[in-house]
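Under this note's numbering, residues 38 to 313 are what the sequence shown spells out, in order. Even glycine gets a Cβ: it sits at the ideal position worked out from N, Cα and C. Take a look at the structure below.
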Amino acid sequence: MSTLIRRLMRHGGARFGATVTLVFAIAAVLAPWVAPHDPEAMALGANLRGPSWSHPFGTDSLGRDVLSRTIWGARISLTIGFVSVGLAMLGGVPLGALSAWIGGWTDRLLMRAVDVLVSFPTLLLAIVVITIFGPGLTHAMLAIGVAQVPLYARLTRAAVMRVRVQNFVEAARASGAGEWRIVLRHVLPNCLPPLLVQSTLLFATAILSAAYLGFLGLGAQPPTPEWGTMLAKARDFLRTAPHVSIFPGLTILVTVLGLNLLGDGLRDVLDPQTAG
38 MSTLIRRLMR
48 HGGARFGATV
58 TLVFAIAAVL
68 APWVAPHDPE
78 AMALGANLRG
88 PSWSHPFGTD
98 SLGRDVLSRT
108 IWGARISLTI
118 GFVSVGLAML
128 GGVPLGALSA
138 WIGGWTDRLL
148 MRAVDVLVSF
158 PTLLLAIVVI
168 TIFGPGLTHA
178 MLAIGVAQVP
188 LYARLTRAAV
198 MRVRVQNFVE
208 AARASGAGEW
218 RIVLRHVLPN
228 CLPPLLVQST
238 LLFATAILSA
248 AYLGFLGLGA
258 QPPTPEWGTM
268 LAKARDFLRT
278 APHVSIFPGL
288 TILVTVLGLN
298 LLGDGLRDVL
308 DPQTAG
């Protein structure tokens, strides 16, 4: 683990991505203490004010502090990322492993179903799920997680197919280990590197999808300080008070960029050919 971290820190993009991710993670955890104001406290006499010492990011149309709402938005967005990716792994990894290990008609049937789902954009699948269950933060996390299940299933299947023919798997089978013991103790642990990289990248996708859904009014609902919802409420003031949309938008950009750079760095470090 220490060797992996050292290699990761020598990778410029991964170092930047890890730093950005860590900063936002700390802000999310410490939001009740680092946010200068209550994110839902309104001051109608101070609405749409530009950046100042008391409000570094300015105020929105209801006089709420944009910086405080952005910090609390980090907590909500990172929670969406964790829950969505967790749900996707919970559904996709067993599905892909089962498909690859059993093979035959089971593999063909499962993968054809996955191929159909993968042919639809993740955001479109999420919108379909939300249309069924209704808008809201919980349903948004569920929708994004369900939409990412096929991606994990395909990746896990490919990784298991590659690992299952290795000599150590045959050695475990020759020693009398059961099939599912081999899968759980030997195969899946060796599939972790690509899954870790994919999780980092899909974490960024989940945050971006949540922002899209919030902007469309299908995700977190006001007055929840979610970045996409903040942008939706700020679009009427792009000319008169651009700061209301600029800061949440930049936050989404930097967060997604950082996670993608971290994922690219992990891929470079964990790729055996790159690692040398």
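**Message:** Tell me the DSSP secondary structure of T277 in three-state form.
**Reply:** coil
**Request:** Tell me whether L299 is buried or exposed, calling it buried when 16 or more other Cβ atoms sit within 10 Å of its Cβ.
**Result:** buried
**Message:** Within 8 Å, do at least three Cβ pairs link the region 139-147 to the region 217-236?
**Reply:** no
**Request:** Taking only the alpha-carbon atoms, compute the straight-line gap between P279 and L290 and give it to the nearest angstrom.
**Result:** 16 Å
**Request:** Measure the CB-CB distance between Q258 and P172 and report whether it falls below 8 Å.
**Result:** yes
**Message:** Spatial neighbours of G95 within its chain, please: C-beta separation below 6 Å, excluding the five flanking residues on both sides.
**Reply:** R86, G87, P88, V103 and H280
**Message:** Tell me which residues share the same chain as P206 and place their Cβ nearer than 8 Å to its Cβ, disregarding the 5 neighbours each side in the sequence.
**Reply:** The residue asked about is misnamed: residue 206 is Val in this sequence, not Pro. Within the same chain, V206 has close Cβ partners V200, I219, H223 and V224.
**Message:** Is the separation between the beta-carbon of I167 and that of L255 shorter than 8 Å?
**Reply:** yes
**Message:** I'd like the list of long-range same chain contacts for V120, defined as Cβ closer than 8 Å, with 5 residues on each side in sequence excluded.
**Reply:** M178 and G182
**Request:** Could you tell me which residues DSSP pairs with D102 in its beta bridges?
**Result:** T96
**Request:** Determine contact between the region 183-195 and the region 264-284, defined as no fewer than three beta-carbon pairs at a distance below 8 Å.
**Result:** no
**Request:** Would you mind reading off the limits of the alpha helix (DSSP H) that contains G182?
**Result:** L174 to V200
**Item:** Pick from W90, R194, F252 and G133 that is closest to I164, judged by C-alpha positions
**Value:** F252
**Asked** Can you give the beta carbon distance from P285 to T107, rounded, assuming they're within the 8 Å contact cut?
**Response** 6 Å
**Request:** Check F53 in the structure and name its three-state DSSP category.
**Result:** helix
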